[in-house]
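Colleague: Below is a structure I'd like to ask you about.
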Amino acid sequence: MTASDWIQRWSHLVPEGGTVLDVACGAGRHMRWFSARNHPVTGVDQAQAAIEAVAPMGEAIQADIENGPWPLPGRRFDGVVVTNYLWRPLLPTIVESVAPGGVLLYETFSQGNETVGRPARPEFLLRPGELLHACESLRVVAYENGFLDDPARFVQRIAAVREPALVRMPLYRF
């Protein structure tokens, strides 16, 4: 399976050689995409089979991120990727995992999807503007909320960057 069009389109925003975290990585299609572009990759997933599949590509962490502690406390990444996954209590942690100068690439299902398929339960569907709200501390580069076909689905997706840290230079007086 190839990387999503959204991830491919905006992956150039990840700094060259920068670290990439794939949240709920599954079989690792996005880890594979970034690894092939010389990015060190880390994948987190609950499923043992997923972790075994992605382990050859980089750091692979098996963790129940919905019921257990966040397995990467204090770590930040130059790219954070999330696709087809939503656990609202984790949104602030995901955003906080973006390093200065890094990017969040997020794409998942939104309200309306219940009319065309699964997921259909409200807890798995973003509300209008929800990703924009979650990314208030980042600079939004691109955002979409709407219908895609092949397969038919309603999605929200965002590419948002954390401004680089300011370098403070000493003031010299002449």
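Quick note: the sequence shown uses the working numbering, first residue 3, plus one each step. Don't be surprised by glycine CBs; every beta carbon is placed ideally from N, CA and C.
What's the C-alpha gap between Pro4 and Ala29?
Modeller: Residue identity check: residue 4 is Thr in the sequence provided, not Pro. Approximately 11 Å between the Cα atoms of the pair.
Colleague: Compute the distance between the beta-carbons of Arg164 and Pro102, then report whether it is under 8 Å.
Modeller: Contact flag set, yes.
Colleague: Can you tell me which of the three DSSP states Asn147 falls into?
Modeller: Note: Asn147 maps to strand in three-state DSSP.
Colleague: In this structure, does DSSP put Val118 in helix, strand or coil?
Modeller: Three-state result, Val118: coil.
Colleague: Taking the runs of the beta strand (DSSP E) that are 3 residues or longer, which of them lie wholly in the segment 19-80?
Modeller: Runs found: 22-25, 43-47 and 61-64.
Colleague: Ends of the alpha helix (DSSP H) at Ala136?
Modeller: That run of the alpha helix (DSSP H) goes Glu132 to Ala136.
Colleague: Can you say whether Ala26 is buried or exposed, counting buried as having 16 or more other CB atoms within 10 angstroms of its CB?
Modeller: Answer is buried; the Cβ neighbour count reaches 16.
Colleague: Run through the DSSP bridge pairs and tell me what Phe111 is partnered with.
Modeller: Phe111 is bridged to Val157.
Colleague: Measure the Cβ-Cβ separation of Gly70 and Val56 and say whether it is below 8 Å.
Modeller: No; because the gap between Cβ atoms is not below 8 Å, this pair is not in contact.
Colleague: Determine the burial state of Gly104: buried for a count of at least 16 other Cβ atoms within 10 Å of its Cβ, exposed for fewer.
Modeller: The residue in question, Gly104, is buried, as its Cβ has 16 or more Cβ neighbours within 10 Å.
Colleague: Out of curiosity, what's the CA-to-CA distance linking Glu138 and Asp151?
Modeller: Answer to the nearest angstrom: the Cα atoms are 29 Å apart.
Colleague: Starting from Pro94 and walking both ways along the alpha helix (DSSP H), at which residues does that stretch end?
Modeller: Its alpha helix (DSSP H) spans residues Leu93 to Glu98.
Colleague: Determine the contact status of Arg159 and Tyr108, defining contact as a CB-CB distance below 8 Å.
Modeller: Against a cut-off of 8 Å, the Cβ pair of Tyr108 and Arg159 comes out as a contact.
Colleague: Ala52 and Leu106 look like a contact to me (Cβ under 8 Å); what is the Cβ gap, rounded to whole Å?
Modeller: With a Cβ gap of about 21 Å, Ala52 and Leu106 do not count as contacting.
Colleague: In the DSSP output, what is Leu128 paired with across the bridge?
Modeller: Per DSSP, Ser112.
Colleague: How should Thr85 be labelled, buried or exposed, when 16 other C-beta atoms within 10 angstroms of its C-beta is the threshold for buried?
Modeller: Counting Cβ neighbours within 10 Å, Thr85 comes out buried, since at least 16 surround it.
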